[in-house]
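Taking it in order: structure first as structure tokens, then the write-up.
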Ligand code: PHE
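Numbering (our numbering), first residue to last: 148 to 493.
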């Protein structure tokens, strides 16, 4: 075949092939075959030397025109394929503006946090510092410095999650008392509350949980008496549960307080007459408290001849359950938005 006929044949074949090109891959193959440096067209240019010198110019023009034609056809095809791809993409991503929007459920504050926030407000208002304790404690701070030596039977009541012989998950926020007293060097007066988590091996039922929240309170100064404890807690209870609430102290025992008391609040439902909520007594127990034991003061750097103090520890879930009439402690942990909304809106 003459070179000129070869060029024509190539053009026909290229146009035929281009008809079958329908996607990006085929486009690339086509370009490599017909338009790239090593394409058949370029190879034909290499035949120039076999052509008589006077015909070379004409032949070169034919090759270049053919390349231009193939290139133009290729570009048109490429544009068509890309347009088609874009149309498909737009169709696939079409948004129906008439559909209703998706709503996001907003969270709600857990009733325990409502209680903690309020307690912090009430006690900050009385001049208390808010202190942060630690979840992992040493036996020394959780027990020994609170007048609970190794063999003390009171340890049984707080059968505990130990990490090793001397490290444990705090069983009571009272551990923060010792840290705070030691940090004050035995001289400065103290007024603090410390909210935090506690852990005890316990049944998990409607009123117990192996993990729960407590708020510790501690006051140390000269001439602090049980009357100060009573006055402080009375004010707290009235602010938290209402002006009409009264408190009463019953004697009790804690190794780190002497004397020790349980504090009851008068029943909000029956006003003290007796009902199913207060089990007929008119009173509901809310916390443990007492005058700081001289041994604790001494071990934590305060001279019990000069200083005295009171401490209390209150269960956060218990306060929330009382205030909101929650019947099962497990509801507080279930994180059910319907439940949470119910209480945070109150
Ligand atoms: N730590 C005690 C408990 O968890 C409560 C308490 C705190 C009692 C402070 C007296 C003083 O049961």
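Beta carbons are placed, not taken as given, at the ideal position from N, Cα and C, and that holds for glycine. A quick note: this is a predicted structure, and the numbers were derived from the prediction, not measured.
Only residues of its own chain outside the window of five on either side were considered, and among them 405 and 451 have a CB closer than 8 Å to the CB of residue 441, listed in chain order. For residue 413, there is no enclosing alpha helix (DSSP H); the enclosing beta strand (DSSP E) has its first and last residue at 404 to 413. Among the bridge pairs identified by DSSP, residue 361 is matched with 343 and 462. The beta carbon of residue 381 lies closer than 6 Å to those of 394 in the same chain, with the five residues before and after it left out. DSSP places residue 276 in the strand class (E or B) of the three-state scheme. With a cutoff of 8 Å on beta-carbon distance, residue 319 and residue 345 are scored as near each other. Fewer than three Cβ pairs drawn from the region 327 to 335 and the region 228 to 237 lie within less than 8 Å of each other, which leaves the two stretches out of contact.
Straight-line measurement puts the Cα of residue 401 at about 12 Å from the Cα of residue 290. The DSSP-derived three-state label of residue 210 is helix.
If you ignore the 5 residues before and after residue 474, its C-beta comes within less than 8 Å of the C-beta of 353 and 468, all in its own chain and listed in chain order. Look at residue 356: its beta carbon is at least 7 Å from all of the heavy atoms in the ligand PHE. For residue 346, the shortest separation between its Cβ and any heavy atom of the ligand PHE does not lie below 7 Å. Within the model, the alpha-carbon separation for residue 181 versus residue 237 is close to 32 Å. Within its own chain, the residues whose Cβ lies closer than 8 Å to the Cβ of residue 430, once the five positions on either side in sequence are excluded, are 395, 411, 412, 413, 414 and 419, listed in chain order. Straight-line measurement puts the Cα of residue 311 at about 33 Å from the Cα of residue 408.
Apart from the 5 residues on each side of it in sequence, residue 421 sits with its Cβ closer than 8 Å to the Cβ of 414, 427, 428 and 429 in its chain, given in chain order.
Contact between residue 314 and residue 307 is absent: CB atoms are separated by about 11 Å, not below the 8 Å threshold.
In the three-state DSSP reduction, residue 429 falls in the coil class, being neither helix nor strand. 258 is the residue among 471, 258 and 423 whose C-alpha sits nearest the C-alpha of residue 481. Residues 154, 188, 191 and 192 of the same chain have their beta carbon placed closer than 8 Å to that of residue 210, with the five preceding and five following residues left out of the count. Annotated three-state conformation of residue 349 is coil, per DSSP.
Ranked by how close their Cα comes to the Cα of residue 479, the residues 433, 356, 217 and 460 have 356 in first place.
Within 7 Å of the C-beta of residue 307 there is not a single heavy atom belonging to the ligand PHE. Rounded to whole angstroms, the separation of the alpha carbons of residue 423 and residue 321 is 32 Å. Here residue 317 is buried, its C-beta having at least 16 other C-beta atoms within 10 Å. For the set 272, 476 and 241, the Cα lying nearest the Cα of residue 462 is the one of 476. Using a cutoff of 7 Å, the CB of residue 437 counts as near the ligand PHE, since one of the ligand's heavy atoms is closer than that. Sorting 456, 213 and 260 by C-alpha distance to the C-alpha of residue 336 places 456 at the top.
Residue 454 carries a coil assignment under DSSP once its states are collapsed to helix, strand and coil.
For residue 460, the distance from the CB to the nearest heavy atom of the ligand PHE is below 7 Å.
Relative to the ligand PHE, residue 363 has its C-beta within less than 7 Å of a heavy atom. For residue 407, the shortest C-beta to heavy atom distance toward the ligand PHE is below 7 Å.
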